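Asker: The structure's right below; bear with me while I get my questions together.
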Amino acid sequence: MIRKLLKSVREYKKPSILSPVLVSCEVVMEVLMPLLMSKLIDNGIDKGNMNYVWVMGSLLLVCMFISMAFGALSGREAAKASAGFAKNLRHDMFHKLQSFSFSNIDKFKTSSIITRLTTDVTNVQNAYQMVIRIAVRAPIMLIFAMCASFYVNAKVALILLGIAPILLLGLIIVFRYAHPIFVRMFKRFDLMNNVVQENVRGIRVVKSFVREDHEIEKFTTVSKNIRNDSVKAERAINLNGPLMMACVYSAMLLISWVGARLVVSGDMKTGELTSMFSYTMQILMSLMMVSMIIVMLVISRTSAERISEILDEEPDITNPENPVMEVKDGSIDFEHVYFSYAKKKEKSCLSDLDLHIKSGETIGIIGGTGSGKSSFVQLIPRLYDVTDGCVKVGGRDVRSYDLDVIRDNVAMVLQKNVLFSGTIKENLRWGNPDATDEEMIEACKIAQADSFISAFPDGYDTYIEQGGSNVSGGQKQRLCIARALLKKPKILILDDSTSAVDTATDAQIQKGFSEFIPGTTKLIIAQRISSVENADRIIVIDNGEINAIGTHEELMEKNEIYKEVYASQKKGGDQ
Amino acid sequence: MPPPRGARPMNREDLKKNPISKDLIKKLLSYLTGKHKVLLGVVFVCIVVTSVTSVLGNMFIRNLIDDYIQPLLIDGSKDFSGLARWVRTVAILFGFGVLANLFQGQIMVLISNNVLRNVRDDMFIHMQKLPISYFDTHAHGDVMSHYTNDVDTLRQMISQSFPQMISSAITIVATLAGMIYTSWHLTIVVLAGTFAMIILMGKIGGKSATYFVKQQASLGDVNGYIEEMVNGQKVVKVFTYEERAKKAFDKKNEELCSNATSANIFANILMPIMGNIGNVLYVLVAFIGGFLAIECGLDDVITLGVIGSFLQLTKAFVMPVSQVSQQMNAIIMAMAGAGRIFKLMDEKPEEDDGYVTLVHCKKEGDSLTEVPEEEALSFKRAHGGKESDGTTSYVWAWKHPHQDGTLTYAEVKGDVRLFDVDFSYDGKKQVLYDISLYAKPGQKIAFVGATGAGKTTITNLINRFYDIADGKIRYDDININKIKKADLRHSLGIVLQDTNLFTGSVMENIRYGNLKATDEECIEAAKLANAHDFISKLPQGYDTVLTSNGAELSQGQRQLIAIARAAVADPPVMILDEATSSIDTRTEAIVQRGMDALMENRTVFVIAHRLSTVQNSKAIMVLENGHIIERGDHQSLIAEKGKYYQLYTGAFELE
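Going down the list, the protein sequences come from chains A and B.
Take 807 as the starting number for the first sequence in the working numbering and just add one per residue.
Take 13 as the starting number for the second sequence in the working numbering and just add one per residue.
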């Protein structure tokens, strides 16, 4: 998994390698310093040799500046590497996302995709920076400082070698104990956030049922559990500090006891003893660092996993080899089509659909929620693939076309319409990036959008807020239709796209279709009978099957469902 | 160490908006000290002991060398008993230090978690008391972040920054004393160096902060784009917009990368530079110390031990100074977080001066006697859900205490009247003008009109989510301002367009309407709402657990559960706000049957998008821009050939 993510480092390999290399140089300098210092004390100050002090001192200063330079450079490279890595991760995920089919998108919830692209990337970025800087620095420091201490005095160094594993063991035990509690606590945090979220969103329900106390009880229970877990886990983690302190102090006492004897017996110099204290700190501190990094890594692992889930996801609709690049006409053929969202066949969403639509026909589609209308039309631009059977456009299987070609020729106005932040023109250009102003106005005229757009002070340059919140539902739907028309498609599909448009305007739009784009095959899903009344044929879909096909008059005569729908809309109207 | 969960870096804007006030600190301190005065005292003592021990640890080398090693070297004896005694004493001192550190950590965990829990609980309890207007005017994400980000910054501050600041301060003072005591010459050197270090740090820190602000801005830009595109991903597919989206994204991503790099470079180089300035000071001390000792003949003042321990002291001094400056950032962030938390807690809660309450009464003939709830419930259960056995019946009644000390009881009938009601959400833009209407017990009143015409607003006034600006609303001839809010709302059932279900089983969700309802009563309500059939078909039936607002169910099914929830509450008055708008007409017919059963014998206010659902109302009010422009029943309104007629014939757009 980690290896997969690391593939995204790419052009940032250089800083990623440079940073630890530079940091190693910094560490070498840092380890060197106490050594030089001890020489300075023993041979310079102790012997009253000021010349030696100057020489050693200057050498030390040089070391320091080198160390500072290396440290800063390493920091710079680490920043470049981690920011670049994050950029590449986002890039890879976003590009992968663009190759996802509808079913891939359905698999992840949109909110979870967003978290993966934002928070999770930030977590991984921080962990990566930590790793290339400190995860390398700490072990190197540990090894070098250990070596240096052995160089200075092996006997004393043995003390350090004895104490370091004790600290390490202690840290591991603490971490092992605390980790599952943290995991449990984070779940409880999610639970708490869930309670808050439900309350903020459902506050009207809470208040109208007067359930404030009930909710408070729910919340305080969760809050109490979090507190208890948190106390347990943090108590364990907080043992690290005293543990570290105990180790440092024991090392210091042991070193001074042993060291003093060595100095007195002349086997060691005072300066060397001082340097041993420095190494004690360096070694134990780097152990502490290692344990912190492990915690960081464990935490960011979940994020890394979630990112790789996206990168691993294989788009299940891909371009065929040698794709057909042209759609002959707008005819559509469904040949014994079966379809289900899950791969399991038992729960079929559409079964045995067999239907042939001629190029240029207008088809109305009626059916209840969940009857399969939307699934049915989404097979045409190959937003989903059939489970069995085949869908043909222009006489050829949709799976043989180039994906962009088939989708450019089949324009679809989705039920869940989305406009994007930007001007009306920019939104319309989604349909055709090179559309001229005249083309846009013409499309808007057909979609009955021109009149209200012209009434805006900024006309076609009016800025649409995110999600299209500054236009009404009916206006939004008409803009979406115009956007689809700009594609000049061979097939146009409206999935319940005029529900918020009044019937008079709706009729105008239908009229525009037959006048301006007579050659385009039109499939219109609607709740309102009036939207499909004038279609060449109307399909009644029920429970994933075609219940009836016919004109309005035919269906009014013999189809129960159609009559029922009609009655539910006209009840009491014409009595 | 719990990781910061999405805590955001400090933002200077935050600070400007919420300056750290005395009031804020006072409030925070009251949470901190609250029940923990003794424990905090212990912690303080522990911190002092720990800090003193660590200073002692730094003087340790000087003592070792000057007091023991040098004399031993000079007189050449091998008597280590003095040293052994000293080591033992120091070991005991160190032992105290470790113990103090241990206690401090353990106690602080307790204190900080208690404080955080209290803050969270108080925040939630207060939030429940806030009026609907608060939720209407605050983004849900912002409210959420008080519980996550803001509380997290507090955690950081209380459990880390706060103790560290104290210990740093003590260490700084103690070390400084130790330094002056050891050698004032060298102290000056260290102080000068530290000063330079602080200035440099401020410079780099400032640079880094500017880039962090830039990084935040471009991060927001990228995240915003991601959010918009991911939400519209299906549209992207349909329009084969993928390549264009990639291009636009890459551009924003590139910019974020460059800002993030700059911000992190400055943050990263801070540490090595700081550390090495400490080192430079270290060398300077050796230099100057050596110089003073050797060249200036001060070797009796500046001994080898002095230099050795001064080197340690220098490190010990520089470290807390840089820690303090790092903690400053965390503290400023926490203060901003605390400011936002207390702002929520300072929001004015819903006012409730009502004194008329809802009680159970036993009704014999015309006389009402108040009875405990259990009696009414057990009677109802004994009589198969009926409230009456012919002679005695159990009813809801308004208990009305009067100024003269008398008490009267009036049966709850569900008679709602509005007299000349005006209303405005913000006190500026009036949204309702002169609304008068009456709903007699058992009548169905419908509101029809475009979005923003004021339909929902009227119902918001009846259950007092908002209070009217002018006019009067009377419920069973009592001014609703006199009725206790909780009791008023108990008597009003509500089904909204956006169904909000809660995490829990289907049964629990239905029982939400009446916590005392038995399983049988809940199932009964589900049957009434036409929901029983589909619930029985769910994998675990009534025990099926719903999560994330019942995402497992269809919109229609969610709506049916919401109706069952209202049914189990069994209120005399119902408000149905666009309850069936997002369901297709055939499914609506099923839901409608559930609703019709629910509406029987109740006063009902119904807001509808589809006119078919309101045709059988007693009266239909057509609203436009806050005015009732037409009223009457379906037939008469059609005959009037006005707005309603236009809407009905589809000549006019509703949204």
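Don't be surprised by glycine CBs; every beta carbon is placed ideally from N, CA and C.
Computed from a predicted structure; not experimentally measured.
Hey, could you find the ends of the beta strand (DSSP E) H639 of chain B is sitting in?
Answerer: H639 to G644
Asker: Helix, strand or coil: how does DSSP classify W408 of chain B here?
Answerer: Here DSSP, grouped into helix, strand and coil, assigns W408 of chain B to strand.
Asker: For G863 of chain A, count neighbouring Cβ atoms within 10 angstroms of its own Cβ and tell me buried if that reaches 16, exposed if not.
Answerer: By the 10 Å Cβ count, G863 of chain A comes out buried.
Asker: Quick one: which chain A residues come within Cβ less than 7 Å of T160 of chain B?
Answerer: N999
Asker: For V50 of chain B, would you say it is in contact with chain A, using Cβ-to-Cβ distances shorter than 8 Å as the test?
Answerer: Not a single CB atom of chain A sits nearer than 8 Å to the CB of V50 of chain B.
Asker: Going by Cα to Cα distance, which pick from A:S905, A:D1302, A:V937 and A:S844 is closest to T881 of chain A?
Answerer: As written in the sequence, residue 881 of chain A is Gly, which differs from the Thr given in the question. Checking every option, the nearest Cα to that of G881 of chain A belongs to A:V937.
Asker: Between V407 of chain B and E385 of chain B, which are expected to be in contact by the criterion C-beta below 8 Å, what is the C-beta distance as a whole number of angstroms?
Answerer: Their Cβ separation, rounded to whole angstroms, is 13 Å, which puts V407 of chain B and E385 of chain B out of contact at 8 Å.
Asker: Going by C-alpha distance, which of A:G1170, A:D1214 and A:S1227 is nearest S1337 of chain A?
Answerer: A:G1170
Asker: Let's test the definition: count the other Cβ atoms within 10 Å of the Cβ of D1380 of chain A and tell me whether it reaches 16, buried, or not, exposed.
Answerer: For D1380 of chain A, the predicted structure reports a pLDDT of 38, less than 50, and the residue's modelled location is therefore unreliable. A value from the coordinates is still provided. D1380 of chain A comes out exposed.
Asker: Looking at chain B, is there any beta carbon in it that lies within less than 8 Å of the beta carbon of Y1147 of chain A?
Answerer: no
Asker: Identify the contact partners of E240 of chain B in chain A, using a Cβ-Cβ distance below 9 Å as the criterion.
Answerer: V1224, F1226, S1227, Q1272 and G1273
Asker: Does any CB atom of chain B fall closer than 8 Å to the CB of D1256 of chain A?
Answerer: no
Asker: Does S517 of chain B come out as helix, strand or coil in the three-state DSSP assignment?
Answerer: In this structure, S517 of chain B counts as strand in the three-state DSSP scheme.
Asker: Are any of the Cβ atoms in chain B nearer than 8 Å to that of P1187 of chain A?
Answerer: yes
Asker: Which residues of chain A have a Cβ atom closer than 7 Å to the Cβ of D1 of chain B, listed in chain order?
Answerer: Outside the shown range of chain B, which is 13 to 667, sits residue 1 of chain B, and nothing can be said about it.
Asker: Please report the residue range of the alpha helix (DSSP H) in which N1125 of chain A lies.
Answerer: Taken as a continuous stretch (DSSP letters only), N1125 of chain A belongs to no alpha helix (DSSP H), as it is neither H nor E.
Asker: So the candidates are B:S270, B:L40, B:S379 and B:V110; which of them puts its Cα closest to the Cα of N1046 of chain A?
Answerer: B:V110
Asker: Which runs of the alpha helix (DSSP H) fall wholly inside the region 1151-1215 of chain A and span at least 4 residues, in chain order?
Answerer: 1179-1184 and 1209-1215
Asker: Can you pull the chain B residues whose beta carbon is under 9 Å from the beta carbon of D1240 of chain A, in chain order?
Answerer: Those within 9 Å of D1240 of chain A in chain B number zero; the least Cβ separation is about 12 Å.
Asker: For V50 of chain B, does the count of other Cβ atoms within 10 angstroms reach 16, so buried, or fall short, so exposed?
Answerer: exposed
Asker: Helix or strand or just coil, what does DSSP make of K845 of chain A?
Answerer: Looking at K845 of chain A - three-state DSSP - the assignment turns out to be helix.
Asker: Taking the beta carbon of N1365 of chain A as the centre, do at least 16 other beta carbons fall within 10 Å, making it buried, or is it exposed?
Answerer: buried
Asker: At 8 Å on the CB atoms, spell out the chain B contacts of S1029 of chain A, in chain order.
Answerer: R129, R132, D133 and F136
Asker: Whole angstroms is fine: what's the gap from A601 of chain B's alpha carbon to D1264 of chain A's?
Answerer: 44 Å
Asker: Going by DSSP, what residue range makes up the beta strand (DSSP E) through F459 of chain B?
Answerer: Per DSSP, F459 of chain B belongs to the beta strand (DSSP E) from K456 to G461.
Asker: Might you give, ordered along the chain, the residues of its own chain that have their beta carbon closer than 8 Å to the beta carbon of N491 of chain B, omitting 5 neighbours on each side?
Answerer: K484 and I485
Asker: In its own chain, which residues sit with a C-beta less than 6 Å from the C-beta of R1213 of chain A, not counting the 5 before and 5 after it?
Answerer: P1187
Asker: So, is the C-beta of Y656 of chain B closer than 8 Å to a C-beta in chain A?
Answerer: no
Asker: Output, in sequence order along the chain, the residues in the region 1182-1213 of chain A whose CB is closer than 7 Å to any CB in chain B.
Answerer: So the close ones are P1187, L1189, D1210 and R1213.
Asker: Determine the direct distance from the alpha carbon of Q176 of chain B to that of R83 of chain B, and round the result to whole angstroms.
Answerer: Note on residue identity: the sequence assigns Pro, not Arg, to residue 83 of chain B. P83 of chain B and Q176 of chain B: Cα-Cα distance of roughly 39 Å.
Asker: With DSSP as the reference, identify every bridge partner of N491 of chain B, one or two as the case may be.
Answerer: In the DSSP assignment, N491 of chain B is bridged to B:R486.
Asker: Quick check on E1040 of chain A - is its C-beta less than 8 Å from some C-beta in chain B?
Answerer: It does: the Cβ of E1040 of chain A has a partner Cβ on chain B nearer than 8 Å.
Asker: Let me confirm a value: H1142 of chain A is counted as buried when at least 16 other C-beta atoms fall within 10 Å, else exposed. Which label applies?
Answerer: H1142 of chain A comes out exposed.
Asker: Give the single residue among B:V185, B:D87 and B:R97 whose Cα lies nearest to the Cα of S63 of chain B.
Answerer: The shortest Cα separation from S63 of chain B among B:V185, B:D87 and B:R97 belongs to B:V185.
Asker: Classify H1162 of chain A as buried or exposed, calling it buried when 16 or more other Cβ atoms lie within 10 Å of its own Cβ.
Answerer: exposed
Asker: Between K496 of chain B and Y367 of chain B, how many whole angstroms is the CB-CB distance? I'm expecting something under 8 Å.
Answerer: 7 Å
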